[in-house]
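Presented below is the structure to which this report refers.
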Amino acid sequence: MLAERIESWTKEWWEQGLQQGEEKGFYLGELQTLQRQLTRRFGPLPQAVQVRLSTASREEIERCRAIA
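Position in the sequence shown (from 1) plus 3 gives the number in this note's numbering.
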């Protein structure tokens, strides 16, 4: 019984880690795409803009990509 519970927890933690990794990868891809779009449109991005982008949430990045 204890072994089954430990196995279940391990599987659950593994799946959670995998999902978090996928979400992080998607976020980084969206961020890189937005940075490329802005650079093509406006030229090199000022440091302040780069810092702001690096702290933006996934939702903020998605909104910016929609209008960029």
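A virtual CB, placed ideally from N, CA and C, is assigned to each residue, including glycine.
Classify residue i as buried or exposed, calling it buried when 16 or more other Cβ atoms lie within 10 Å of its own Cβ.
i   : result
I64 : buried
Assuming residue i contacts residue j under a Cβ cut-off of 8 Å, what Cβ separation, rounded to an integer in Å, is found between them?
i   : j   : result
R61 : Y30 : 5 Å
L56 : L37 : 7 Å
L41 : L48 : 6 Å
What span of residues does the alpha helix (DSSP H) with residue i cover, start to end?
i   : result
T36 : 5 to 45
L56 : 50 to 57
A69 : 61 to 70
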